[in-house]
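Structure record follows, encoded as structure tokens.
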Ligand SMILES: Nc1ncnc2c1ncn2[C@@H]1O[C@H](COP(=O)(O)OP(=O)(O)O)[C@@H](O)[C@H]1O
Ligand code: SF4
Ligand SMILES: [Mg+2]
């Protein structure tokens, strides 16, 4: 049963492992542990930012949460209803409620369709409007995302990068969704255009009480739009809290490292200790034992190599997975 008080979406211990097979008989030789036990909730009208270096599993979280990929483990609930085991047909009403926008709108827009047909296509797929209603809705959507209705007759290549992202957003909005997963939707755009698209998404959120999972590899990009932020490292969430706490009081060494690369916007704000991350992200095929971050963490101790730190609440609403906190060590160490 759908529960009006439940979070719009709740994932619990979500896992997605990709099998690695070799040879003629597709022998299973390993697993890519792309998402390895991730839990979070998103409320109605809320934006959760999801941040981490390339390859840490952000896109896989988004795609698995929407059941575009079958989860290996864990559960996904929409307003309290478990959708983890639903079949393709049973998923149809939920697909309508959950839409996605992508990093490269050009690649996700059909070059042979007019912009109007691209934006109106979901209405045809879900059979929710006749031709006239569809044209009116598409025209309205164009205006709502800052395009002109007469641009319906153009093709994707005739739009700029920012305009293409507006088209992607219009298409995502066509079916009146409740949740939009933005997979690095501004990462390919110029900085000035990024701000316009982020502002558009925030206006749309206010107007339609949309919820967003907003994915980016850069903390600076999620700061403006997010209410809460989850930081991912090698398939796991290492820290999750409200935006202000995360930016002003990061409690995980990895977040500290990511933040030290972000310029400080306010004059007089506390300067950040510079912490350069060395080495590449280890492979999710054979992740480090214990704390996945121990091979790059300047604070690592013996325990970190052996024991997986549990994501737990160390201050109100502030979840962190790091043994430093269990040991009562005040963090950051050298403030
Ligand atoms: N379909 C797939 N098959 C095998 N491995 C995959 C597949 N999709 C993603 N991966 C692997 O899963 C890991 C996480 O990928 P991804 O979710 O795309 O990370 P991110 O979006 O954070 O860059 C990477 O190691 C990637 O190579
Ligand atoms: S558990 Fe250890 S290795 Fe992991 S972040 Fe904390 S101090 Fe670093
Ligand atoms: Mg990605």
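Residue numbers (our numbering): 44 to 378. Glycine included, each C-beta is placed from N, C-alpha and C at the ideal position.
Taking 8 Å as the cut-off, decide whether the C-beta atoms of residue i and residue j are in contact.
| i | j | result |
| --- | --- | --- |
| residue 64 | residue 81 | no |
| residue 321 | residue 339 | yes |
| residue 280 | residue 274 | yes |
| residue 106 | residue 149 | no |
| residue 199 | residue 152 | yes |
| residue 74 | residue 52 | no |
| residue 351 | residue 333 | yes |
| residue 218 | residue 136 | no |
| residue 90 | residue 248 | yes |
| residue 157 | residue 197 | yes |
| residue 112 | residue 70 | no |
| residue 160 | residue 231 | no |
Just confirm the distance between the C-beta atoms of residue i and residue j, as a whole number of angstroms; I'd bet it's less than 8 Å.
| i | j | result |
| --- | --- | --- |
| residue 226 | residue 102 | 5 Å |
| residue 94 | residue 278 | Actually they do not touch by this definition, with Cβ atoms about 14 Å apart. |
| residue 282 | residue 363 | 5 Å |
| residue 256 | residue 229 | Not really, about 14 Å apart at Cβ, beyond 8 Å. |
| residue 142 | residue 220 | 4 Å |
| residue 123 | residue 254 | Their Cβ separation, rounded to whole angstroms, is 15 Å, which puts residue 123 and residue 254 out of contact at 8 Å. |
| residue 127 | residue 118 | 5 Å |
| residue 330 | residue 76 | 6 Å |
| residue 290 | residue 266 | 6 Å |
| residue 209 | residue 188 | 4 Å |
| residue 259 | residue 92 | 7 Å |
| residue 192 | residue 202 | Actually they do not touch by this definition, with Cβ atoms about 14 Å apart. |
| residue 342 | residue 367 | 6 Å |
| residue 144 | residue 211 | 5 Å |
| residue 335 | residue 276 | 6 Å |
Which partner residues of residue i appear in the DSSP bridge assignment?
| i | result |
| --- | --- |
| residue 352 | Paired residue(s): none; residue 352 is not in a bridge. |
| residue 53 | 84 and 120 |
| residue 335 | Bridge partners of residue 335: none, in fact. |
| residue 62 | 74 |
| residue 199 | Residue 199 is not bridged to any residue. |
| residue 92 | 257 and 272 |
| residue 282 | 274 and 363 |
| residue 358 | 361 |
| residue 240 | The partner list for residue 240 (beta bridge, DSSP) is empty, contrary to what the question assumes. |
| residue 125 | 120 |
| residue 141 | 222 |
| residue 157 | 198 |
Have a look at the options and flag the residue whose alpha-carbon is nearest the alpha-carbon of residue i.
| i | options | result |
| --- | --- | --- |
| residue 262 | 304, 238 and 237 | 304 |
| residue 361 | 108, 367, 295 and 145 | 295 |
| residue 56 | 109, 114 and 99 | 114 |
| residue 35 | 297, 301, 302 and 271 | Past the boundaries of the shown model lies residue 35; the chain is included only from 44 to 378, so the question cannot be answered. |
| residue 246 | 260, 216 and 233 | 216 |
| residue 328 | 46, 100, 169 and 86 | 100 |
| residue 183 | 168, 167, 169 and 162 | 162 |
| residue 239 | 157, 250 and 205 | 205 |
| residue 234 | 180, 86, 116 and 264 | 264 |
| residue 86 | 68, 109 and 121 | 121 |
| residue 355 | 326, 236 and 284 | 284 |
| residue 297 | 232, 231, 243 and 365 | 365 |
| residue 125 | 292, 323, 45 and 146 | 45 |
| residue 171 | 67, 159, 139 and 154 | 139 |
Could you tell me whether any Cβ in chain C is nearer than 8 Å to the Cβ of residue i?
| i | result |
| --- | --- |
| residue 202 | Considering every chain present, this structure includes no chain C. It has just one protein chain. |
Looking at residue i and ligand 5, is the gap between the Cβ and the nearest heavy atom below 7 Å?
| i | result |
| --- | --- |
| residue 226 | By its list of ligands, the structure shown excludes ligand 5, since it contains just ligand 1, ligand 2 and ligand 3. |
Output the residues surrounding ligand 2, defined as those with a CB atom closer than 5 Å to any ligand heavy atom, in chain order.
296, 334, 336, 337, 340, 342, 343, 347, 352, 365, 366 and 367
In chain order, what residues place their C-beta within less than 5 Å of a heavy atom belonging to ligand 1?
This criterion selects 61, 75, 77, 97, 98, 99, 100, 101, 102, 103 and 327.
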